[in-house]
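Take a look at the structure set out below.
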Amino acid sequence: MKNVIIIFGLTFMLFLLSCKHHGTPKPRAYYRITFPAHEYQPLNEECPYRFDVPVYANILKDTRSHNAEKYWYNMDYPTLNGTVHISYKTVNNNINELLEDSRKLAYKHSVKADAIGERLFVSEEKRVYGTLYDIKGNAASSVQFYLTDSTQHFVRGSLYFDAIPNKDSLAPVINFVKEDISHLMETFEWKEMPNF
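Residue numbers (the numbering used here): 1136 to 1331.
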């Protein structure tokens, strides 16, 4: 019996001594996202503008907005759960109002944004002028832009994801879509429409 108590005591002491290592929990991680190669095709819609559309995005008539107008489209990214909303307005001696509305809509996100950068876009030969708003932080929309010829046409776009804004987890996706938006702006041009 004495040997059993000694063996039990030694086993218990070894057990206590072996429990000094405390595991470190793994940090939270985000899903790895595999992006397709950037490939584009021309927009095939009857509207007063054209640009290159990513082959992995769907162009749909805007039916989600209660005030959607003619030539409003959504460029949906089904695998990324995001949408670039594209709206069109005719300029009627109100270019300053349209520009100010676009600026206000971008800076409306400054409450949650860490910073808002502006990149000007000018294509004299195509008569396309605009600004890309790069909104940093946990804002609902991280990229917005407008394009205009300043006399007849005005197009505005904004990127939204169907997810809670998190700058860390969405950063790779935002950068990927931002390249597509930059390509959209570079290939954008006005076209003459019958009965426009």
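In this text, a Cβ means the ideal position worked out from N, Cα and C, and glycines have one as well.
Determine the contact status of residue i and residue j, defining contact as a CB-CB distance below 8 Å.
i: residue 1184; j: residue 1204; result: no
i: residue 1241; j: residue 1270; result: yes
i: residue 1217; j: residue 1280; result: no
i: residue 1208; j: residue 1197; result: yes
i: residue 1273; j: residue 1300; result: yes
i: residue 1312; j: residue 1215; result: yes
i: residue 1292; j: residue 1190; result: no
Tell me where the alpha helix (DSSP H) around residue i begins and ends.
i: residue 1311; result: 1302-1322
i: residue 1231; result: 1230-1242
Look up residue i in the DSSP assignment and give the residues it is bridged to.
i: residue 1248; result: 1272
i: residue 1220; result: 1209, 1293
i: residue 1258; result: 1263
i: residue 1327; result: Its beta-bridge partners do not exist; DSSP assigns none.
State the start and end residues of the unbroken beta strand (DSSP E) segment that holds residue i.
i: residue 1193; result: 1193-1196
i: residue 1189; result: 1187-1189
i: residue 1287; result: Taken as a continuous stretch (DSSP letters only), residue 1287 belongs to no beta strand (DSSP E), as it is neither H nor E.
Evaluate the contact criterion for the region 1281-1299 versus the region 1207-1226: three or more CB pairs, one atom per stretch, below 8 Å. yes
Touching or not, the region 1251-1261 and the region 1310-1325, by the rule of three or more beta carbon pairs under 8 Å? As far as the Cβ criterion goes, the region 1251-1261 touches the region 1310-1325, which means the pair count is three or higher.
So, does the region 1311-1319 touch the region 1186-1197, judging by three or more C-beta pairs under 8 Å? yes
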